[in-house]
Amino acid sequence: NAGVTQTPKFQVLKTGQSMTLQCAQDMNHEYMSWYRQDPGMGLRLIHYSVGAGITDQGEVPNGYNVSRSTTEDFPLRLLSAAPSQTSVYFCASGEGLYEQYFGPGTRLTVT
Amino acid sequence: GQQVMQIPQYQHVQEGEDFTTYCNSSTTLSNIQWYKQRPGGHPVFLIQLVKSGEVKKQKRLTFQFGEAKKNSSLHITATQTTDVGTYFCAKNTGNQFYFGTGTSLTVIP
Numbered sequence: 001n002a003g004v005t006q007t008p009k010f011q012v013l014k015t016g017q018s019m020t021l022q023c024a025q026d027m028n029h030e031y032m033s034w035y036r037q038d039p040g041m042g043l044r045l046i047h048y049s050v051g052a053g054i055t056d057q058g059e060v061p062n063g064y065n066v067s068r069s070t071t072e073d074f075p076l077r078l079l080s081a082a083p084s085q086t087s088v089y090f091c092a093s094g095e096g097l098y099e100q101y102f103g104p105g106t107r108l109t110v111t
Numbered sequence: 112g113q114q115v116m117q118i119p120q121y122q123h124v125q126e127g128e129d130f131t132t133y134c135n136s137s138t139t140l141s142n143i144q145w146y147k148q149r150p151g152g153h154p155v156f157l158i159q160l161v162k163s164g165e166v167k168k169q170k171r172l173t174f175q176f177g178e179a180k181k182n183s184s185l186h187i188t189a190t191q192t193t194d195v196g197t198y199f200c201a202k203n204t205g206n207q208f209y210f211g212t213g214t215s216l217t218v219i220p
């Protein structure tokens, strides 16, 4: 089992560019989520999904879109990158709301 | 807001000293989870507490859930350098997780 994988590990974007952060899990988990981590702010939920075809907004969804066409994949799209989106992004999956398994993270810098 | 309050933000201890981090909520929690994140790493699940007054131990780590289910603590006995990292508590409301701001533990050898 690879667990939760994320690509890329690092990314630098210019303001206004768009990109997709990839997340995949091979544990057949229905629940998947995206977080951003900023210094002193902990982890904040961006979007989550309770199953294929179902997504919902978390605490900080503005500027991000998600889709869940399969159980395995949960990509996060930045529509028009802004410097305020400079952060570390973590994808996670779990069997419902029990133990969450986190991916290794993507460090994004927007200049 | 919905976040859980976690204190202290930072803690420096000499190796061998004890360490405690506290998590507080203004609302009653259905459960509380604890995660550890090593420097440069990702959060890793430690435990979930569900019952009022629950106490669980994992080797040198002791987790407690308050009687009113509004607070929780993680206590590490005789810290080691391998304990270095940030410890987060997390609650869920509906289908959403809310993480505390974390306590960053530094262990001085």
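Chains as they are written, first to last, in my numbering: chain A, 1 to 111; chain B, 112 to 220. No residue lacks a Cβ here, since even glycine has one placed at the ideal position from N, Cα and C. This structure is a prediction, so every number in the text was calculated from the model and none was measured.
Neighbour flag for residue i against chain B, beta carbons, 7 Å
{"i": "residue 10 of chain A", "result": "no"}
{"i": "residue 99 of chain A", "result": "yes"}
{"i": "residue 60 of chain A", "result": "no"}
{"i": "residue 75 of chain A", "result": "no"}
{"i": "residue 66 of chain A", "result": "no"}
{"i": "residue 50 of chain A", "result": "yes"}
{"i": "residue 45 of chain A", "result": "yes"}
{"i": "residue 39 of chain A", "result": "no"}
{"i": "residue 63 of chain A", "result": "no"}
{"i": "residue 105 of chain A", "result": "yes"}
Residue of the options minimising C-alpha distance to residue i
{"i": "residue 187 of chain B", "options": "B/196, B/180, B/179, B/203", "result": "B/196"}
{"i": "residue 172 of chain B", "options": "B/180, B/212, B/190, B/179", "result": "B/190"}
{"i": "residue 168 of chain B", "options": "B/184, B/139, B/126, B/203", "result": "B/184"}
{"i": "residue 219 of chain B", "options": "B/204, B/194, B/210", "result": "B/194"}
{"i": "residue 200 of chain B", "options": "B/148, B/127, B/217", "result": "B/148"}
{"i": "residue 13 of chain A", "options": "A/88, A/83, A/101", "result": "A/83"}
{"i": "residue 66 of chain A", "options": "A/49, A/18, A/5, A/101", "result": "A/49"}
{"i": "residue 209 of chain B", "options": "A/43, A/111, A/70", "result": "A/43"}
{"i": "residue 166 of chain B", "options": "B/153, B/182, B/154", "result": "B/182"}
{"i": "residue 18 of chain A", "options": "A/2, A/78, A/61", "result": "A/78"}
Buried/exposed call for residue i, threshold 16 Cβ in 10 Å
{"i": "residue 25 of chain A", "result": "buried"}
{"i": "residue 51 of chain A", "result": "exposed"}
{"i": "residue 118 of chain B", "result": "exposed"}
{"i": "residue 123 of chain B", "result": "exposed"}
{"i": "residue 54 of chain A", "result": "exposed"}
{"i": "residue 213 of chain B", "result": "buried"}
{"i": "residue 121 of chain B", "result": "exposed"}
is_contact[residue i, chain A] using C-beta, thresh 7 Å
{"i": "residue 208 of chain B", "result": "yes"}
{"i": "residue 222 of chain B", "result": "Coverage of chain B is limited to positions 112 through 220, which leaves residue 222 of chain B absent and any answer about it impossible."}
{"i": "residue 174 of chain B", "result": "no"}
{"i": "residue 153 of chain B", "result": "yes"}
{"i": "residue 203 of chain B", "result": "yes"}
message: Quick check: the segment 134-146 of chain B against the segment 155-172 of chain B, are at least 3 beta-carbon pairs closer than 8 Å?
response: Result yes; three or more Cβ-Cβ pairs closer than 8 Å.
message: Counting beta carbon pairs with one atom in the segment 26-37 of chain A and one in the segment 87-100 of chain A, are three or more of them shorter than 8 Å?
response: Judged by Cβ distances under 8 Å, the segment 87-100 of chain A makes contact with the segment 26-37 of chain A, as three or more pairs qualify.
message: Does the structure place the segment 128-138 of chain B close enough to the segment 59-79 of chain A that three or more beta carbon pairs sit under 8 Å?
response: Verdict: no, contact absent.
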